Amino acid sequence: MQILLIGAGAREDALAWKIQNSSLFDQGQGKLYTWPKAYSLIKGTQKLDLAANARLEQLADKALELKIDLTICGPEAPLADGIKEAFEDKGLKLFGPSKGAAKLESSKVFAKNLMKEAQIPTADFLVAGDRGECFSYAKEFFEEDGKVVLKADGLASGKGVFVCQSIKEIEEGLDSLYSNSFSHACDKVLVERCLLGRECSHFTIINKHTESFLGFAVDFKRAFSGDKGPNTGGMGCYTPVPWLPANAHSLVMDQVIVPLKNALKNKGMSYEGFLYVGLMWTDSGPMVIEFNVRLGDPEAQVLAVYDSKDWLELIMRESIQHDKPVSDGASKAVAVVMASNHYPYPSKPSQEKETIPLSTLIEKPETQVFAAAVAAGLEGEVTPLAGRVFTVVAKSPSFSGAREQALSHCQKISKFWTASRWREDIAQLAAEEEC
Ligand code: AMP
Ligand code: GLY
2 MQILLIGAGA REDALAWKIQ NSSLFDQGQG KLYTWPKAYS LIKGTQKLDL AANARLEQLA
62 DKALELKIDL TICGPEAPLA DGIKEAFEDK GLKLFGPSKG AAKLESSKVF AKNLMKEAQI
122 PTADFLVAGD RGECFSYAKE FFEEDGKVVL KADGLASGKG VFVCQSIKEI EEGLDSLYSN
182 SFSHACDKVL VERCLLGREC SHFTIINKHT ESFLGFAVDF KRAFSGDKGP NTGGMGCYTP
242 VPWLPANAHS LVMDQVIVPL KNALKNKGMS YEGFLYVGLM WTDSGPMVIE FNVRLGDPEA
302 QVLAVYDSKD WLELIMRESI QHDKPVSDGA SKAVAVVMAS NHYPYPSKPS QEKETIPLST
362 LIEKPETQVF AAAVAAGLEG EVTPLAGRVF TVVAKSPSFS GAREQALSHC QKISKFWTAS
422 RWREDIAQLA AEEEC
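The sequence shown begins at 2 in this note's numbering and counts up one residue at a time.
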């Protein structure tokens, strides 16, 4: 079987690792192509010979030429641009939603209207067309609740959401939303009531007729320990989520996923792909904060290690359905992201290149490292670049054990990569609560 995996993050490294360990992927005969990045830590993959800025049609042509049997799309942007249609037009199979269904992530207004129609529990909201309207709606909610949330409608790389606790913060949020850098995502702005509860996310692989549950995870979005600093793509996460009720998955299925699939069907759309439901778990149960048409990063990494199910089988065999993650003995997993020391602020590339021996990265079977931004170094070494570079995932019978293992592995890597940083408090509360 020939598979093409699209995406350049550590999330896609984790997917490549799952594919290579699948019973459906024959290591001898099968080939795993990747685009746009080469994978340095996952052996036996081959980067597609195509520029990173190629058009979707060129990518589909290349896939046709290489007789790719299945393409799996990791990130949301190509899905929002219609990669499914570009591939299907050429008779190629791509796992991921259509451009229409990808609007669940690419348009927050589309997602909220659909939730309202399908009676999926979510925060009350209003849609504003301009800054004046947005301010008056925000003031109305703020005066009633003491808080309000403003959100750009379109994709804004996680930077288009403002949780405001004063009129000053509303004004600052509006300044950012209506500045030039966001204008593409702000033809409409959502004004939402603020939800109270604990946040977590729910992940599934959805096929035409079945859904398989991969697990719940909690991620740590702020840059620094103690939930300080700006929002990032995610600095770490843990799974499972011990503070959820035992029937949490069936509540999400009944109240969110089944009505969502029905509402899409009523619009003539089916959903196929990964689905990530961001939730606030409130006193009255799950409330949806957002839908993403992909897996999370670093949630995919922690779930890939924790859940020993064969994900490629779940993607390809449409008759299979699972309603729980399967862990082999170790019942907790923690992921810690190692980033370059300026992240998330921009920095000049370092003059001094540091290199890490592969043997340090790939050390123990219960501690798995996935890479995003690395360059190949000399034989047996890699050079970390900038941003969120590695995700270190450890599993253990306890959160405290998994935390210790992941953090001590970060320490070891940092002996070679001194210009790195990570959060020390990932899953700390979960570890304290298990005592
Ligand atoms: P989103 O991009 O929609 O996931 O929002 C980013 C973050 O903003 C979420 O992870 C929450 O922490 C927060 N947030 C978004 N919407 C709400 C809401 N209605 N109530 C409380 N917090 C929210
Ligand atoms: N870790 C959050 C996300 O992938 O959106």
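Ideal placement from N, C-alpha and C gives every residue a C-beta, glycine not left out.
Since we're looking at a predicted model, the values are computed, not measured.
Three-state secondary structure (DSSP) of residue i
i      : result
Trp312 : helix
Asn342 : coil
Thr211 : coil
Gln442 : Because the chain here runs from 2 to 436, residue 442 falls outside it and cannot be looked at.
Arg424 : coil
His323 : coil
Ile171 : helix
Met116 : helix
Val242 : coil
Arg12  : helix
Val257 : helix
Thr392 : strand
Phe136 : helix
Tyr277 : strand
Gln47  : strand
Leu6   : strand
Pro347 : coil
Residue i CB to nearest heavy atom of ligand 2 below 7 angstroms
i      : result
Gly8   : no
Asp298 : yes
Asn293 : yes
Asp220 : yes
Residue i to residue j span [Cα, whole Å]
i      : j      : result
Asp146 : Asp125 : 12 angstroms
Ser177 : Gly161 : 8 angstroms
Trp423 : Ser415 : 10 angstroms
Lys152 : Leu191 : 5 angstroms
Asp27  : Gly92  : 23 angstroms
Ala305 : Asp131 : 42 angstroms
Phe163 : Leu215 : 29 angstroms
Leu51  : Thr72  : 15 angstroms
Glu353 : Gln59  : 37 angstroms
Ser320 : Glu355 : 48 angstroms
Lys349 : Ile43  : 28 angstroms
Tyr272 : Leu379 : 44 angstroms
Ser137 : Val149 : 12 angstroms
Phe275 : Ser24  : 20 angstroms
For residue j and residue i, believed in contact at Cβ under 8 angstroms, the rounded distance
i      : j      : result
Ile357 : Phe417 : 4 angstroms
Ala407 : Ala336 : 7 angstroms
Asp473 : Gly297 : There is simply no residue 473 to check, as the chain begins at 2 and stops at 436 in what is shown.
Lys396 : Thr361 : Not quite, the Cβ-Cβ distance comes to about 19 angstroms (not below 8 angstroms), so this is no contact.
Ala61  : Phe88  : 5 angstroms
Val390 : Ala373 : 6 angstroms
Ala15  : Ala340 : Between Ala340 and Ala15 the Cβ distance is about 17 angstroms, and since that is not below 8 angstroms, they are no contact.
Heavy atom of ligand 1 within 7 angstroms of residue i beta-carbon
i      : result
Ala124 : yes
Lys44  : no
Glu200 : yes
Glu314 : no
Gly159 : yes
Exercise. Counting pairs of Cβ atoms below 8 angstroms between the stretch 305 to 318 and the stretch 188 to 202, do you hit three or more?
Worked result: With the rule of 3 Cβ pairs closer than 8 angstroms, the stretch 305 to 318 does not count as touching the stretch 188 to 202.
Does the stretch 232 to 242 come close enough to the stretch 416 to 432 that 3 or more CB-CB pairs lie under 8 angstroms? The stretch 232 to 242 and the stretch 416 to 432 touch, with three or more beta-carbon pairs separated by less than 8 angstroms.
### Message
If contact is defined by three or more beta carbon pairs under 8 angstroms, each pair taking one atom from either stretch, is the stretch 99 to 116 in contact with the stretch 291 to 299?
### Response
Verdict: yes, contact present.
Task: At least three beta-carbon pairs within less than 8 angstroms, the stretch 273 to 284 to the stretch 200 to 208 - done: They touch, by the three-pair rule.
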